[in-house]
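Following my numbering, the numbering of the sequence shown begins with 13 at its first residue and continues without gaps.
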Amino acid sequence: MPLSEVEANIYQNILKLIPDVSLNLMAVKVSNHPEDFAGWCYELIDVVSKRINFDLLEPNQLPILKKIQQQLEAGISISQIKTLRIAPWPVVFDSIQQNKERIVLDEQLALLKHIESIRETSLVDMIEEDKLAFAGKHTAKHDPSIYQFDVEWLASTKTAKALHNVIATSCTDLNEALNHIPLEGDITLENYMDFVRGYIAAFAAVDNEKATLAPATRLLAMRRPDFFTPVTAASLDVLCQAFGLVRLNNQDFDRYWHDIVMAIHKQPWFIAATPEAEEEQALWQYKALVPCWFAYYSDDAKENSNYYKALHKPKRASSEKSGGRKRGKESAEALVDRALAAEDMPQHIKNMRDSIVKEVAAGRGVDETIALMRTIFG
């Protein structure tokens, strides 16, 4: 199969790892022989993650298998994102629709819809759960009855300790930085650089924390998902390879604008006319996120979602003390009010708001508390 330079490098890296697990791989029957690189990567991922006999593997072979899988995942992402350099909007839209189950699109759109509902709220005035949803970090406080999505889709920041330290202690400065990015209309380089200066200053004000690029792109993308593409350190490397760019470092704020944002804005699907179909417009308003949806997603991406895990957590034993992590009263009130706003919520349950808030503040789930009230009071 013909390979690009980047694909050839990945192919060679995989071949270097194969000898250590070659006998194990040879024992797997393969009948599908794709002629394209992405298809080949998908087939081999299926082999190394599902079909190989793990019982016959030595402990020292498992890390090698993991490295092979990581190379294959990068290969798929690069190969798929590369197609965005020539694909028109209809092709991009159709591809996303065909893969919507795999990429858990409905859940990601639910996250974006929630962000849209709080976007005009100052970061300072958001409840803690919404701040973390905006910034991209899941916690046990994200009640799945209210947050019906994983807040870590679209560039998780769960490991960005410095960002969350700044949000906790210097939120006003960070909010002022974000305010340099208009909520609608064009965004200029000057707007962006004003944000960057404010963002760096907010970090410097907190024990001289180091401001890095990836967490900033998450904030920018949630502020304007039609303009900014969020990245993690790993996905940034993939984007650079897919677009033939020299790798950006974690402080390349200037190059992120010129080499990533502006490069994506020049792609044929990005500059196409606004689609007329309502279903297409639903994605068009988030068009800068398209590269995120062309990256590799595993078959169990949905099951690995924090939302899915929260929904399927083992039920507490009846003898076990009720209540999870405690919430502030302000957060509890906001979450309860959202639940009580449902059209089918009985008035007698709404009248119990204060009692429900008290239980939720103590750590009980919103749905769990309301269900309990329904049971007791009919």
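Using N, Cα and C, we set each Cβ at its ideal position, and we do this for glycine too. Only a predicted model underlies this, so the values are computations on that prediction, with no experimental measurement involved.
Would you give the residue range spanned by the alpha helix (DSSP H) that residue i belongs to?
| i | result |
| --- | --- |
| residue 247 | 245-254 |
| residue 366 | 365-373 |
| residue 341 | 341-352 |
| residue 129 | 117-130 |
| residue 306 | Segment: none, residue 306 is in no alpha helix (DSSP H) and carries neither H nor E. |
| residue 204 | 201-216 |
| residue 391 | This structure does not reach residue 391, given that the chain is present from 13 up to 390, and the question cannot be answered. |
| residue 358 | Where residue 358 is concerned, there is no enclosing alpha helix (DSSP H), given that its DSSP letter is neither H nor E. |
| residue 24 | 17-29 |
| residue 230 | 225-235 |
| residue 298 | Neither: residue 298 is in no alpha helix (DSSP H) and is coded neither H nor E. |
| residue 322 | 318-323 |
To the nearest angstrom, report how far apart residue i and residue j are at their CA atoms.
| i | j | result |
| --- | --- | --- |
| residue 330 | residue 153 | Reliability fails at residue 330, whose pLDDT of 41 lies under 50, so the model's placement of it is uncertain and no value is given. |
| residue 270 | residue 239 | 13 Å |
| residue 290 | residue 41 | 45 Å |
| residue 8 | residue 123 | Past the edges of the chain, shown from 13 to 390, lies residue 8, and the structure says nothing about it. |
| residue 185 | residue 219 | 14 Å |
| residue 91 | residue 278 | 19 Å |
| residue 136 | residue 211 | 15 Å |
| residue 309 | residue 360 | 45 Å |
| residue 141 | residue 187 | 16 Å |
| residue 314 | residue 115 | 8 Å |
| residue 267 | residue 274 | 10 Å |
| residue 305 | residue 230 | 15 Å |
| residue 334 | residue 376 | Reliability of the predicted coordinates at residue 334 is poor, the pLDDT of 45 falling under 50, and the value obtained from them is presented with this limitation in mind. Answer to the nearest angstrom: the Cα atoms are 7 Å apart. |
| residue 21 | residue 296 | 34 Å |
| residue 60 | residue 346 | 46 Å |
| residue 363 | residue 202 | 51 Å |
| residue 50 | residue 15 | 10 Å |
| residue 24 | residue 302 | 29 Å |
| residue 322 | residue 157 | 10 Å |
| residue 120 | residue 62 | 26 Å |
| residue 190 | residue 175 | 14 Å |
| residue 198 | residue 236 | 10 Å |
| residue 37 | residue 111 | 28 Å |
| residue 294 | residue 125 | 10 Å |
How would you label residue i, buried or exposed, when you count the other beta carbons within 10 angstroms and need 16 or more for buried?
| i | result |
| --- | --- |
| residue 368 | buried |
| residue 388 | exposed |
| residue 129 | exposed |
| residue 45 | exposed |
| residue 288 | exposed |
| residue 393 | With the chain represented from 13 up to 390, any question about residue 393 goes unanswered, as that position is not in the structure. |
| residue 233 | buried |
| residue 276 | buried |
| residue 144 | buried |
| residue 357 | exposed |
| residue 155 | buried |
Ranges of the beta strand (DSSP E) found wholly within the region 144-190, counting only runs of at least 3: none
Would you mind listing the alpha helix (DSSP H) stretches within the region 31-101 that are 4+ residues and don't spill past its ends, in chain order? 34-38, 49-58 and 74-94
List, from N- to C-terminal side, the beta strand (DSSP E) runs of 3 residues or more that fit wholly inside the region 264-295. none
Evaluate the contact criterion for the region 212-229 versus the region 242-249: three or more CB pairs, one atom per stretch, below 8 Å. yes
Three Cβ pairs or more, each shorter than 8 Å: is that satisfied between the region 142-152 and the region 163-180? yes
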